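Report on one structure; see the data block that follows.
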Amino acid sequence: MLRLSALYRYPLKSGKGETLQQASLDKLGLEGDRRWMLVDEASGRFLTQRAVSDMSQLSALWNATGGLTLSAPGSSPIDIALPASDAELRGVTIWRDTLRVPDAGDAAGAWVSEFIGKPTRLVQVPETLARTTQAGYGKDDDKVAFADGFPLLLIGQASLEDLSQRVGRPLEMLRFRPNLVIEGSEAFAEDSWKRIRIGDVEFRVVKPCSRCILTTIDPKTGERSDDREPLATLQKYRAQEDGAMFGQNLVNDGNGRLEVGMPVTILE
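Structure representation (structure tokens):
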């Protein structure tokens, strides 16, 4: 039987992940997932572990009011409130998208600037200002917060085990930053799924996920692997025209709640 074996949320884009036992879904995927982002103060360009590997050590805990608690080794934690409805909007760029979203204020900006080592701002995206998902996939009204292209990422546990065996050492699931992990399927069975149901919520499987250098960063230490693994192995046996694929991007059709252990049904 297929089951949901793990749930992860990443309140801050490219920050540490939270392991959850249950979570709610809204229009943008898991509630609180990647609703916050760091941007260069001058350009508004988004910052991630691709360029700042130390972000893997930046803990961001989401709270039920939508606020955030940031902490990092050597720094005192800071609680950041959800920006008010009349908060200053800042122009930001994430990949090819440009948008204006609420800035978290000067205290948050000073804290993240000290951590990053250059002038940096913290921004948040409400559902009303969210981006549309990557063109050519899904529906016209599909929305995404600050995730790269889609609200949710699913990986099969057997797929990770297959990759670990090929690399020759155990790999942490958090290297790949999924939201949903499915147990009980064969390796890469998720490649053929089109629609699934978990609990009362249906999901569309819209696009495989192309992997980047971020997968070579140890989520515990922030150090990059000298052998470029597991990306090097993925490029040998999971390469497609758009890159090395691992995991599937999903869009949830409707809201609801998920809980670890729930059965998973393949609808198509």
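FYI, the numbering for the sequence shown is 1 to 268, going by the UniProt record's numbering. Glycine included, C-beta positions come from ideal geometry on N, C-alpha and C. Since we're looking at a predicted model, the values are computed, not measured.
Open item on the list: In whole angstroms, give me the CA-to-CA distance for Leu68 and Asp54.
Closed with: For the purposes of this step, residue 68 is taken as the residue at position 68 of the sequence shown. For the purposes of this step, residue 54 is taken as the residue at position 54 of the sequence shown. Separation of Leu68 and Asp54 (C-alpha to C-alpha, rounded to the nearest whole angstrom) is 19 Å.
Task: Nearest-angstrom Cα separation, counted from Gly17 out to Trp95 - done: Numbered from its first residue, the sequence shown carries residue 95 at position 95. Numbered from its first residue, the sequence shown carries residue 17 at position 17. Between Trp95 and Gly17, the C-alpha separation is close to 21 Å.
- [ ] Going by CA-CA distance only, name the one from Glu229, Val264, Leu258 and Asp218 that's closest to Gln57.
- [x] Here the question's residue 57 lines up with position 57 in the sequence shown. The shortest Cα separation from Gln57 among Glu229, Val264, Leu258 and Asp218 belongs to Asp218.
- [ ] Could you please give me the residues that DSSP links to Gly91 through a beta bridge?
- [x] Translated into the one-based positions of the sequence shown, residue 91 becomes position 91. Partner(s): Arg100.
TODO: Look up Ser164 in the DSSP assignment and say whether it is helix, strand or coil.
DONE: Taking the first residue of the sequence shown as position 1, residue 164 is located at position 164. In the structure shown, Ser164 sits in a helix (DSSP, three-state: H, G or I).
Open item on the list: With the cut-off set at 8 Å, would you say Pro119 and Ala42 are in Cβ contact?
Closed with: Position 119 of the sequence shown, counted from the start, is the residue given in the question as residue 119. Position 42 of the sequence shown, counted from the start, is the residue given in the question as residue 42. The answer is yes: Cβ separation under 8 Å.
Open item on the list: Among Gly256, Pro208 and Glu31, whose alpha-carbon lies nearest the alpha-carbon of Gln240?
Closed with: By 1-based counting over the sequence shown, the position of residue 240 is 240. Of the listed residues, the one whose Cα sits closest to Gln240 is Pro208.
Task: Three-state secondary structure (DSSP) of Tyr237 - done: If you number the sequence shown from 1, residue 237 lands on position 237. Looking at Tyr237 - three-state DSSP - the assignment turns out to be helix.
Open item on the list: Assuming Trp193 is part of the alpha helix (DSSP H), what are its boundary residues?
Closed with: Counted from its first residue, the sequence shown places residue 193 at position 193. Careful: Trp193 lies outside any alpha helix (DSSP H) and carries neither H nor E.
- [ ] State the Cα-Cα distance for the pair Leu82 and Arg166, rounded to the nearest angstrom.
- [x] Walking along the sequence shown from the start, residue 82 turns up at place 82. Walking along the sequence shown from the start, residue 166 turns up at place 166. Our two residues, Leu82 and Arg166, have alpha carbons roughly 44 Å apart in a direct line.
Open item on the list: What ranges does the alpha helix (DSSP H) occupy inside the UniProt domain "MOSC" (120-267), keeping only unbroken runs of at least 4 residues that lie completely in it?
Closed with: Counting only runs of 4+ residues, the alpha helix (DSSP H) found wholly inside the UniProt domain "MOSC" (120-267) occupies 157-167 and 231-237, in chain order.
TODO: Reducing DSSP to helix, strand and coil, say where Gly29 ends up.
DONE: Along the sequence shown, read from residue 1 onward, the residue named residue 29 stands at position 29. It is a strand residue.
Task: Alpha carbon of Gly222 to alpha carbon of Cys212, nearest angstrom - done: As a working mapping, residue 222 is identified with position 222 in the sequence shown. As a working mapping, residue 212 is identified with position 212 in the sequence shown. Between Gly222 and Cys212, the C-alpha separation is close to 15 Å.
Task: Anticipated Cβ contact below 8 Å, Ala104 with Gln124, distance rounded - done: The sequence position of residue 104 within the sequence shown is 104, counting from 1. The sequence position of residue 124 within the sequence shown is 124, counting from 1. About 6 Å; that satisfies the 8 Å criterion.
Task: Reference Arg101; option with closest CA among Gly44, Thr19, Glu190 and Glu183 - done: Along the sequence shown, one-based indexing puts residue 101 at 101. Per the sequence shown, the amino acid found at residue 101 is Val instead of Arg. Out of Gly44, Thr19, Glu190 and Glu183, Gly44 has the C-alpha closest to the C-alpha of Val101.
- [ ] To the nearest angstrom, report how far apart Arg228 and Leu163 are at their CA atoms.
- [x] Taking the first residue of the sequence shown as 1, we reach residue 228 at position 228. Taking the first residue of the sequence shown as 1, we reach residue 163 at position 163. Cα to Cα, the separation comes out at about 14 Å.
- [ ] Work out the CA separation of Pro77 and Arg238 for me, nearest whole Å.
- [x] As a position in the sequence shown, residue 238 is number 238, starting the count at 1. As a position in the sequence shown, residue 77 is number 77, starting the count at 1. Spanning the two alpha carbons is a distance of roughly 40 Å.
Open item on the list: Looking only at its chain, what residues have a beta carbon closer than 6 Å to the beta carbon of Ser14, apart from the 5 residues adjacent to it on each side?
Closed with: Within the sequence shown, residue 14 is the residue found at index 14, counting from 1. Cβ within range, chain order: Thr48, Gln49 and Met55.
Task: Rounded straight-line distance, which links the Cα of Leu258 to that of Asp26 - done: Residue 26 sits at position 26 when you count from the first residue of the sequence shown. Residue 258 sits at position 258 when you count from the first residue of the sequence shown. Going from the Cα of Asp26 to the Cα of Leu258 covers about 11 Å.
Task: Residue interval of the beta strand (DSSP E) (run including Arg53) - done: Here residue 53 is taken as the residue at index 53 of the sequence shown, counted from 1. Reading the sequence as shown, one finds Ser at residue 53 and not Arg. Counting along the chain, Ser53 falls outside any beta strand (DSSP E), and DSSP gives it neither H nor E.
Task: Pair within 8 Å by beta-carbon distance, Val206 and Trp193 - done: Residue mapping note: residue 206 aligns to position 206 of the sequence shown, counting from 1. Residue mapping note: residue 193 aligns to position 193 of the sequence shown, counting from 1. No, these two residues do not count as a Cβ contact at 8 Å.
- [ ] Over the uninterrupted alpha helix (DSSP H) stretch that includes Gln113, give me the two end residues.
- [x] What you label residue 113 is simply residue 113 of the sequence shown in a count that begins at 1. Note that residue 113 is Ser in the sequence shown here, rather than Gln. Segment Asp106 to Ile116, the alpha helix (DSSP H) holding Ser113.
TODO: Please name the residue, chosen from Gly66, Met37 and Ile116, that lies closest to Thr93 on a Cα-to-Cα basis.
DONE: Numbered from 1 along the sequence shown, position 93 holds the residue referred to as residue 93. Selected option, being the one with the closest Cα: Met37.
Open item on the list: Give me the residue from Glu127, Ala6, Ser225 and Ser75 with the minimum Cα distance to Ile34.
Closed with: Locating residue 34 in the sequence shown gives position 34, counting from the first residue. The residue asked about is misnamed: residue 34 is Arg in this sequence, not Ile. Ranking Glu127, Ala6, Ser225 and Ser75 by CA distance to the CA of Arg34 puts Glu127 first.
Task: Backbone CA spacing between Tyr10 and Ser185 [nearest angstrom] - done: In the sequence shown, counting from the first residue as 1, residue 10 sits at position 10. In the sequence shown, counting from the first residue as 1, residue 185 sits at position 185. One C-alpha to the other measures close to 25 Å.
Open item on the list: I'd like the list of long-range same chain contacts for Thr98, defined as Cβ closer than 6 Å, with 5 residues on each side in sequence excluded.
Closed with: Taking the first residue of the sequence shown as position 1, residue 98 is located at position 98. Nothing meets the Cβ criterion.
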